[in-house]
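Written out below as structure tokens is the structure these notes cover.
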Amino acid sequence: MEKAGLICAKRVFLATLALFFIAKFAFSQTQQSQTDLMDVVTLADSLTQTGDFLDAENLLLPLLNQAIASKQLSFAVDMLIRLGINAEMAGRYQKSFEYLNFALRISEKNNYTDHLSEIFLNIGYVYFDLKQCRQAVDYYRKSIEVAAIRRDTLAMIKGLNNAGNAWMTIDNNADSALVYFEEGFRLSEKVDYSTGLLVIGGNVAQIYLLQEKYNLASAMIKQLLLISPENSYFLFTRAQIEKVDKKYFDAISDCRKAIVNTGSVEFRLALLKELSGLYISVGKSDSAFFYLSGFTTLTDSIHKAEINGDINKLEAQYQNEKKLRKIEQLEKDALLKQRRVREMTFLLIGVVVIALIIVFYYRNKRIIVAQKLEIEARKRTEIENESEIRVARSYIEGEETERERLACEIHDGLGGMLTGIRLQLNGLISDNNSVKVGELNLVASRIHDASAELRQMSRNLFPQTLVEYGLNAAFSELVESLKRQFLSPGLYYYFSGSEFRYDALVEKQLFRTVQELVNNALKHAVAKRISIELVTGPDRIWIAVSDDGTGFDKAVAVKGIGLRSVAERISSLNGKLEMVSLPGEGTHVTIELEIERLDV
Numbered sequence: 000m001e002k003a004g005l006i007c008a009k010r011v012f013l014a015t016l017a018l019f020f021i022a023k024f025a026f027s028q029t030q031q032s033q034t035d036l037m038d039v040v041t042l043a044d045s046l047t048q049t050g051d052f053l054d055a056e057n058l059l060l061p062l063l064n065q066a067i068a069s070k071q072l073s074f075a076v077d078m079l080i081r082l083g084i085n086a087e088m089a090g091r092y093q094k095s096f097e098y099l100n101f102a103l104r105i106s107e108k109n110n111y112t113d114h115l116s117e118i119f120l121n122i123g124y125v126y127f128d129l130k131q132c133r134q135a136v137d138y139y140r141k142s143i144e145v146a147a148i149r150r151d152t153l154a155m156i157k158g159l160n161n162a163g164n165a166w167m168t169i170d171n172n173a174d175s176a177l178v179y180f181e182e183g184f185r186l187s188e189k190v191d192y193s194t195g196l197l198v199i200g201g202n203v204a205q206i207y208l209l210q211e212k213y214n215l216a217s218a219m220i221k222q223l224l225l226i227s228p229e230n231s232y233f234l235f236t237r238a239q240i241e242k243v244d245k246k247y248f249d250a251i252s253d254c255r256k257a258i259v260n261t262g263s264v265e266f267r268l269a270l271l272k273e274l275s276g277l278y279i280s281v282g283k284s285d286s287a288f289f290y291l292s293g294f295t296t297l298t299d300s301i302h303k304a305e306i307n308g309d310i311n312k313l314e315a316q317y318q319n320e321k322k323l324r325k326i327e328q329l330e331k332d333a334l335l336k337q338r339r340v341r342e343m344t345f346l347l348i349g350v351v352v353i354a355l356i357i358v359f360y361y362r363n364k365r366i367i368v369a370q371k372l373e374i375e376a377r378k379r380t381e382i383e384n385e386s387e388i389r390v391a392r393s394y395i396e397g398e399e400t401e402r403e404r405l406a407c408e409i410h411d412g413l414g415g416m417l418t419g420i421r422l423q424l425n426g427l428i429s430d431n432n433s434v435k436v437g438e439l440n441l442v443a444s445r446i447h448d449a450s451a452e453l454r455q456m457s458r459n460l461f462p463q464t465l466v467e468y469g470l471n472a473a474f475s476e477l478v479e480s481l482k483r484q485f486l487s488p489g490l491y492y493y494f495s496g497s498e499f500r501y502d503a504l505v506e507k508q509l510f511r512t513v514q515e516l517v518n519n520a521l522k523h524a525v526a527k528r529i530s531i532e533l534v535t536g537p538d539r540i541w542i543a544v545s546d547d548g549t550g551f552d553k554a555v556a557v558k559g560i561g562l563r564s565v566a567e568r569i570s571s572l573n574g575k576l577e578m579v580s581l582p583g584e585g586t587h588v589t590i591e592l593e594i595e596r597l598d599v
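FYI, in numbering that gives the first Met the number 0 the residues of the sequence shown are 0 to 599.
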């Protein structure tokens, strides 16, 4: 009862406030009074947006009555449109029709063409809410026609997009929707309206995808990504096209980028489900199960949030004792529903796990005889592999130690000497000896170039940034250095995870591996676009290096010294190396490593 009293007092206060400013405006037709009235309108709009629909209506109705009484009909139409929008958002559709049709009659009678397009558009919204597609589209078309006469292109684009949405979401008629979306996209291109291009273009691409017009969908998404490269929705749509083309790794990469940027819970669920399916397609069951678990956990939390939201709405509606008891009962039912959802979720996971266990059991049973015959040979192979890994690690550790020693000697010894010579020559040049100044300038310039080259050699031999700050900082510096060296803007670096530190040898070998792959792409594959992606976790590192270069025949190229050293480095760390490349198709290399990290 106390809460109901407060609500009533609040509404009386708002109505009194509106009447006060109306009276002030009636007695004083000043600019300040008009400003006060607009402040009340702004307050009403704010209440509508926050869901206080009845309070907003209580503010707007006195303004409407005063406008009609004083024959300020244009202002009255504006208030009626606001009241219609407020009623539509509150779900009071009949009341919304009454306000909007009243505004329509006044506008047509007084030829207020500047209001007509907005009135037709909002009547269309009400029919859209009522799931009456053709009536909604009829009013959207009227809004478009009025906007075309007034040459209001943005209003035309809004109407076209709404008509397309009505056909698509209510009637599931993709062909009719596409007619409106394509026209809206054409107008958006004409006036360079980026918001229209992104919103309508996304709808067009989705329809092309549903119609299996993958080339058109791909071309549209490519155009949209030029405007908004990090848009999660467009990346997800491109991933769906790549999945159809069986480019699973590209689809995985796009979905991973999309899930980092999205803030929508529903969209995140779709991405988690898609990633789980993609990892199954490439045979990585552990990653697939990881994303499936994330999907299940998020679904459970959404159900809980929805239940809590329903309870909060009920608490706001019912204010007496009897209805509060009903809320308590609903809370119990909600908790029971939540428990049942959780039980069903765990049951589903249990069924999936049991099915996997059964599959693996029968699969292992069929090959158990062969395993017994091969066990001795496998042991010998493991011993040989362990020996090779120890030799490789010893070789690589010795190589890194020697690199470090050479870098220090070059920097501290030869570098110091060159710097001293340059300073000495600068001193001689400052004596203004006209006979030797030209030659000395040439010598000083060459020594300066040699010093710069020496610093670059020292960094390549032993990257100090890697030692001090770790892989993320080292890769960033590598990309910037290569951009300056090769004058190539097509180098990109992406990082996700946390700034973990790992064993020094592990970080050095991973850095050398990426350095080798990027140098190969620049010098031998003539790549114009190269991307490096680093994902770090508490006990796992994942790296991908992709380029659009000439590619190679894996069976032939892996025999070369560069790629062989890459394979040896990853093998020495017990990591997984996957290399996908064909002549003329570019190269995609992924490295996955399970390792203990060092907390720094």
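In this text, a Cβ means the ideal position worked out from N, Cα and C, and glycines have one as well.
With DSSP collapsed to three states, give me the class of residue i.
{"i": "Tyr-492", "result": "strand"}
{"i": "Ser-580", "result": "strand"}
{"i": "Thr-535", "result": "strand"}
{"i": "Arg-91", "result": "coil"}
{"i": "Leu-60", "result": "helix"}
{"i": "Lys-70", "result": "coil"}
{"i": "Ile-540", "result": "strand"}
{"i": "Lys-575", "result": "strand"}
{"i": "Tyr-192", "result": "coil"}
{"i": "Glu-342", "result": "helix"}
{"i": "Gly-123", "result": "helix"}
{"i": "Asp-51", "result": "coil"}
{"i": "Ala-524", "result": "coil"}
{"i": "Leu-129", "result": "coil"}
{"i": "Glu-567", "result": "helix"}
{"i": "Asp-170", "result": "coil"}
{"i": "Phe-551", "result": "coil"}
{"i": "Asn-202", "result": "helix"}
{"i": "Ser-634", "result": "The requested residue 634 does not occur in the structure, where the chain is confined to residues 0 to 599."}
{"i": "Asn-110", "result": "coil"}
{"i": "Gly-83", "result": "helix"}
{"i": "Glu-229", "result": "coil"}
{"i": "Gly-469", "result": "coil"}
{"i": "Gln-210", "result": "coil"}
{"i": "Leu-486", "result": "coil"}
Who does residue i pair with in a DSSP beta bridge?
{"i": "Arg-150", "result": "According to DSSP, which records beta bridges pairwise, Arg-150 is partnered with nothing at all."}
{"i": "Asp-546", "result": "Ile-529 and Thr-586"}
{"i": "Leu-592", "result": "Ile-540"}
Would you mind sorting residue i into buried or exposed? The rule is 16 or more other CB atoms within 10 Å of its CB.
{"i": "Val-136", "result": "buried"}
{"i": "Tyr-361", "result": "exposed"}
{"i": "Gly-262", "result": "exposed"}
{"i": "Asp-79", "result": "Sequence inspection shows Leu at residue 79; the Asp mentioned does not correspond to that position. Answer is buried; the Cβ neighbour count reaches 16."}
{"i": "Tyr-232", "result": "buried"}
{"i": "Gln-508", "result": "buried"}
{"i": "Met-219", "result": "buried"}
{"i": "Thr-535", "result": "buried"}
{"i": "Asp-54", "result": "buried"}
{"i": "Arg-600", "result": "Since the displayed the chain opens at 0 and closes at 599, residue 600 lies outside it and no answer follows."}
{"i": "Gly-583", "result": "exposed"}
{"i": "Val-76", "result": "buried"}
{"i": "Ile-251", "result": "buried"}
{"i": "Lys-527", "result": "exposed"}
{"i": "Lys-364", "result": "exposed"}
{"i": "Asn-171", "result": "exposed"}
{"i": "Val-190", "result": "exposed"}
{"i": "Lys-157", "result": "buried"}
{"i": "Ser-580", "result": "buried"}
| task | Tell me the start and end of each unbroken alpha helix (DSSP H) in the segment 235–285 that is at least 4 residues and wholly inside, in chain order. | result | 247–260 and 264–280
| task | Specify whether the segment 220–238 and the segment 494–509 touch according to this definition: at least 3 beta carbon pairs, one from each stretch, less than 8 Å apart. | result | no
| field | Validate contact between the segment 104–114 and the segment 130–144 using beta carbons, cut 8 Å, 3 pairs | value | Touching, no.
| said: Does the segment 571–590 come into contact with the segment 229–246, if we say contact requires no fewer than three beta-carbon pairs (one atom in each stretch) closer than 8 Å? | reply: no
| query | Would you call the segment 192–204 and the segment 144–162 touching, i.e. three or more CB-CB distances under 8 Å? | reply | yes
| task | Would you check if the segment 235–249 and the segment 273–281 touch, i.e. whether three or more CB-CB distances between them fall below 8 Å? | result | yes
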